[in-house]
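Heads up, the thing below is written out as structure tokens.
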Amino acid sequence: MIAATEPSLTILIVEDEQAIRRFVRAALEGEGHRVHEADTVRRGLLEAGTRKPDLVVLDLGLPDGDGMDFIRDLRAWSGMPVLVLSARIEEYDKVEALDAGADDYLIKPFGVAELLARVRAVCRRQVRDPDGATLIVFGKVSVDLERRQVTRNDQPVRITPIEFRLLSTLITKPGKVLTHRQLLREVWGPAYVERGHYLRIYMGHLRQKLEADPTRPRYFLTETGIGYRFCLS
Amino acid sequence: MFDVADEVVLVDLPPDDLLQRLKEGKVYLPDQAERAIENFFRKGNLIALRELALRRTADQVDDEMQSYRQQVGDSAQPTREALLACVGPDPGADTLVRIASRLAGKLGCEWHALYVETPALQRLPGARRQAILDILKLAQELGAHTATLAATDAPLAVVAYAHQHRLAQLVVGRSRSSRRFPWQRPFAERLGRLAPELDLLVTARNDAPRRAVRQETARGDKEQGSPASLLRGYVAALLISLGTTLAATPLLPYFDLANIVMLFLLAVVGTAVKYGRGPAVLAAVANVAAFDLFFVPPRFSFAVHDWQYLLTFIVMLIVGLIVGQLTARFRYQAHVASAREQRTRHLYEMARELSGALVVEQVVEIGERCVEASFRVKARLLLPDEHDRLPPPPVQPGRPKADLSIAQWCFDRNAPAGIGTDTLPAASRLYLPLKAPMRTRGVLVLAPERQRWLLIPEQRRLLDTFAALIAIALERVHFVTVARDTLVKMESERQRNSLLAALSHDLRTPLTALIGLAETLALELTAEQSPHSEPLTAIHQQAVRMALLVNNLLDMAKLQAGGVRLRKDWQSLEELVGAAVRTLELPLRAHPLRLELDPRLPLVNCDAVLVERVLANLLENATKYTPPGAVIGVTASTEADRLIIEVWDEGPGLPTGREQVLFEKFTRGHAESAAPGVGLGLAICRVIIEAHGGEIHAANRASGGACFTFTLPLETPPPIEEAEDAPETS
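Residue numbers (my numbering), protein chains in the order written: chain X, 12 to 244; chain L, 44 to 773.
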């Protein structure tokens, strides 16, 4: 049913565990995607270059190197989305991968449903024309990026310039995890990347103004220790 | 009024011009001006006024210059203002020191007090030397840098010192021209000739106490040296004289008299070298007499036939005296030089030994040994324990006992105490703090053989140098230890982390495959309506439980092994609760959730991942141990300097008496509970909260149900610059 509405993608799995590759492949092929596999960083980069996949599912711990190397290498010549699989116990590895340019992450062990949801989110971002949409609507809120206007229940919402910058940064990349550093750099500038408290305060403001229940946000989700994600669903 | 003015503008013109202007009526009306000129503005008054105005303005400008220099901190410039007070043996030196101090105070500059010890001064009686040392000490108390130099020519040494320290103004006492050596120029004049570029301030001489001092001198002269040793020198001089005569007598037939004189001269030199100046003078006189008596014809009579021998006697006497004098001076300088060399060598040796020391005990041993070898003292090093208290050292024979309270005072204040200091000068020990760049490292206790000896500023300075060297060595050893400990800690942490990472990877990878494959298969079988779908779903569920258990165990291992490392940042509690609730979306669906969080709660500095974990664990417990439909809530409030968070429910509550046991590892409220888990959740919560400096405890609510309360310390969050972020008016 879903496969009918979603376009079919070419997906590359870079993972050294054969058992995991097998079920990820099964799940993705069940959705109608074309799947290629690689088990090392080197092979992975080669496959990424030749197959030109729409998405890379990447394990961070590979026998011939770090997944981080893969991302940096890939980002040098391609902006293709990367979904990271992590079994590391430190949050920091994921943050590093996301900072380096990965789009999303999954912590092992993860379920098939979770995996497919993330892949779908990436697909949607791929399909959307990033320049065309200037009006973004979620729930009862609509944001006009061009005229810098925000309405909720058709009532204009007063919003400060920095809040608007934060809002537009988040909603133009729906589903993507934006790390604290990325957001601080984009909204406040490179000098502010260590000032996490700015982000907490302003995210609080945004949620107060745009979420129905700020304590249980539906759209502006917290990825604790990592960053935020705007969830359009 | 003048003094409080911020700016002073001086309008100056000669008195005659002013009078002219007055007459022209430019200041007052003509008739008033006439009266003013007669009464007040007489020329003499005007000149006096002019002088006053100019002088006050000059003072003002001077002050401004001074304060400007201080602001700029321009110390690289030659300190043209710095003073050098030359302390001499003359009485009234204390007045000189006070004048210099006052001057320096007025000029706001630093000043030095210098005493040059010449051989002549070296021979001064003890009491007078003590008086000079006291004056130097007085100078030090008045804020001077003091120095004692040993040199033969005082003015030269003073000028060299002034150049070396860039002191432009010398303060000297007016000395009377020497009575003994009337040809010698006064000290000040010689200084002026040697260094015409230096300012010379000659202070008035104060003769009043002179007599008293002279009397003391007379007494002191007798005290100097032991009479026996002095006498021995003179007796020896006579014996040498006699010996020379006896030795020369058999030579008389073979040698010319002129050559025999040489032998006598040699004897004088020998006496001077061995016994010093006084005996040398005696030997010179005795030799002349002996030569006259026994060798110059007529022999055995002091009468002289040939008048030319008178010249021989005079030359002999003068040569004897000069040689004696020079030799004695040479002896003194050699003595000073060797003492200086010895001190330098001691310092060098200690520095070398200390540089090789690797442990504190070595430093202590080397320090005590070297100080004792270099000074005539007994030394003892006291080192603080980890609470900065100086523990009583073990009593060792030959080691001085120290008053611990004085030592502690010295350590705490980082200031010397005991002999020769401002604090408890009557004590029999000297306590020197071991000042290192970072902090005080201990106290050096010294028990001198003779107290006077530690009062000499030079010696004190040298001791301070020793103390500083020891302190630096202690500090170095301390940091070596710190570095080594850190390295060991880092290494063990690295090993632990890599072990945990490997374990985590090895456990999670098969679990991931298991869960994933089971899920895929279960979905397919369910779609086919196969009877095997149910056991497959059970396999999947068990695998998920297993994964949770592994997560908990790994987390506990990570938290427990070698402490928790917090990644603190400023977090909003609302956000953390929101994130925790989202991870438990499924189990929480069966419960009404009441979140009472004020959006104005302050940010809290904590590790977001770990605190979210605490909240998630507590919420998960609430869903596990309450029947579906029971209300679960989170409430937060602030109290003084902490944030109090309560996670409560309206379930059956906790088994009474077991509230605290719950937080132990592998403990569960009801041992045979059907709810899954091994009892790690609350233990993890406690470790996390305690690492943050908070508390966690559990209780039953009065209205029924359980309530878990934890606190987090509140700090002042960093400021936010909101100025640029004005709301848009649209």
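The beta-carbon is built from N, C-alpha and C at its ideal position, and this holds for glycine as well. Keep in mind that this is a model prediction, so the values were computed, not measured.
Under the three-state reduction of DSSP, threonine 355 of chain L is assigned to helix.
Within the same chain, and ignoring the five residues on either side of tyrosine 277 of chain L in sequence, the residues whose Cβ sits closer than 6 Å to its Cβ are Pro322, Leu325. Within the same chain, and ignoring the five residues on either side of leucine 579 of chain L in sequence, the residues whose Cβ sits closer than 8 Å to its Cβ are Ala561, Leu564, Ala565, Leu568.
Distance check between valine 652 of chain L and each of L:Gly559, L:Ile90, L:Ala623 places L:Ala623 closest, using alpha-carbon atoms only. For arginine 227 of chain X, the neighbours in chain L by C-beta distance under 9 Å run, in chain order, Val620, Gly621, Val624, Arg625, Leu636, Leu638.
When the Cα atoms are used, arginine 625 of chain L and histidine 430 of chain L turn out to be separated by approximately 48 Å. By the C-beta density criterion, tryptophan 691 of chain L is buried, having at least 16 other C-beta atoms within 10 angstroms. Between the C-alpha atoms of isoleucine 142 of chain L and valine 316 of chain L there is a straight-line separation of about 42 Å. Contact annotation: isoleucine 170 of chain X and tyrosine 213 of chain X have beta-carbon atoms that are not nearer than 8 Å. Where arginine 62 of chain X is concerned, there is no enclosing beta strand (DSSP E), although the alpha helix (DSSP H) around it starts and stops at 52 to 62. With respect to the C-alpha of proline 695 of chain L, the residue from L:Lys667, L:Gly747, L:Val677 having the closest C-alpha is L:Gly747.
With fewer than 16 other beta carbons inside 10 angstroms of its own, proline 296 of chain L counts as exposed.
Contacts between histidine 575 of chain L and chain X, judged by CB atoms closer than 8 Å, are missing: the closest CB pair is about 17 Å apart. Arginine 206 of chain X has its alpha-carbon roughly 53 Å from the corresponding atom of arginine 503 of chain L.
When only Cα atoms are considered, alanine 194 of chain L and leucine 139 of chain L end up about 22 Å apart.
Of all C-beta pairs linking the stretch 462 to 480 of chain L to the stretch 508 to 522 of chain L, three or more are shorter than 8 Å, placing the two stretches in contact. Judged by pairs of C-beta atoms under 8 Å, the stretch 70 to 87 of chain X does not touch the stretch 520 to 533 of chain L, as fewer than three such pairs exist. Contact fails between the stretch 141 to 161 of chain X and the stretch 76 to 96 of chain X, because fewer than three Cβ pairs, one in each stretch, are under 8 Å apart.
If you compare the alpha carbons of L:Gln538, L:Arg442, L:Val486, L:Met481 with that of glutamine 451 of chain L, the shortest gap goes to L:Val486. A residue is called buried when at least 16 other Cβ atoms come within 10 angstroms of its Cβ; isoleucine 361 of chain L does not meet this threshold and is exposed. By the criterion of a C-beta distance shorter than 6 Å, leucine 237 of chain L is surrounded in its chain by Pro198, Val202, once the five residues flanking it on both sides are discounted.
Assignment of beta-bridge partners to glutamate 234 of chain X by DSSP yields X:Gly238. Boundaries of the beta strand (DSSP E) harbouring isoleucine 22 of chain X: 21 to 25, taken from the DSSP string. Shortest Cα-Cα distance from alanine 510 of chain L to any of L:Pro574, L:Leu543, L:Cys413, L:Lys601 involves L:Cys413. Looking at L:Arg145, L:Val130, L:Thr759, the one whose alpha-carbon comes closest to that of glutamate 160 of chain L is L:Val130. For alanine 194 of chain L, no alpha helix (DSSP H) segment is defined, and its DSSP state is neither H nor E.
Using a CB distance cut-off of 8 Å, tryptophan 613 of chain L counts as an interface residue toward chain X. At least one CB of chain X lies nearer than 8 Å to the CB of serine 547 of chain L.
For isoleucine 175 of chain L, the number of other beta carbons within 10 angstroms of its own is at least 16, and it is reported as buried. The three-state reading of DSSP puts serine 97 of chain X in strand, counting E and B together. For leucine 646 of chain L, the neighbours in chain X by C-beta distance under 8 Å run, in chain order, His208, Arg211, Ile212. According to the DSSP secondary-structure assignment, glycine 676 of chain L is paired through a beta bridge with L:Arg637, L:Trp691. The three-state secondary structure of arginine 412 of chain L, taken from DSSP, is helix. No Cβ of chain L is located within less than 8 Å of the beta carbon of glutamate 157 of chain X.
Every alpha helix (DSSP H) stretch that sits fully inside the stretch 427 to 458 of chain L and reaches 4 residues is listed by chain position as 447 to 456. Between the stretch 596 to 604 of chain L and the stretch 625 to 644 of chain L there are fewer than three inter-stretch CB-CB distances shorter than 8 Å, so the stretches are not counted as touching.
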